[in-house]
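K.L.:
The structure under discussion is supplied below as structure tokens; questions concerning it will follow.
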Amino acid sequence: MPYLSDINLRAILVVLVARSGGSVEISNEELYDAMMPDSGASERFRVTDTAGGVRVSIHGSRQEQAGSN
């Protein structure tokens, strides 16, 4: 699954928000930084199929840089 459709992205958000206790607060600064990253990259997600689902990571994340994806 190289691309997240809107419905897949919404489903992933539901799972992540539920895992975090049902609520996530995001500042305007964080939201704007995510929408308009300094790198200029339009697609910042890496989606990898796994045996039991998918792994979603952010390009340039600390885990990705450390090679733990």
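In terms of the numbering used here, the numbers along the sequence shown are unbroken and rise by one, the last being 59.
For every residue, glycine included, the Cβ atom is placed at its ideal position computed from N, Cα and C.
Keep in mind that this is a model prediction, so the values were computed, not measured.
1. Can you check whether the CB of residue 24 is closer than 9 Å to the CB of residue 34?
2. Could you tell me the boundaries of the beta strand (DSSP E) in which residue 37 lies?
3. Using beta-carbon positions only, say whether residue 14 and residue 6 come within less than 9 Å of one another.
4. Please find out if some non-hydrogen atom of the ligand NAP comes closer than 8 Å to the beta-carbon of residue -5.
P.N.:
Taking the coordinates as given:
1. Stepping through the sequence shown from its first residue, residue 34 is reached at position 44. Stepping through the sequence shown from its first residue, residue 24 is reached at position 34. In contact: residue 34 and residue 24 (Cβ atoms closer than 9 Å).
2. Position 47 of the sequence shown, counting from 1, holds the residue named residue 37. Residue range 35 to 40 is occupied by the beta strand (DSSP E) that includes residue 37.
3. Against the sequence shown, residue 14 aligns to sequence position 24. Against the sequence shown, residue 6 aligns to sequence position 16. Yes, they are a contact pair.
4. In terms of ligand content, the structure shown is empty, and the ligand NAP therefore cannot be addressed.
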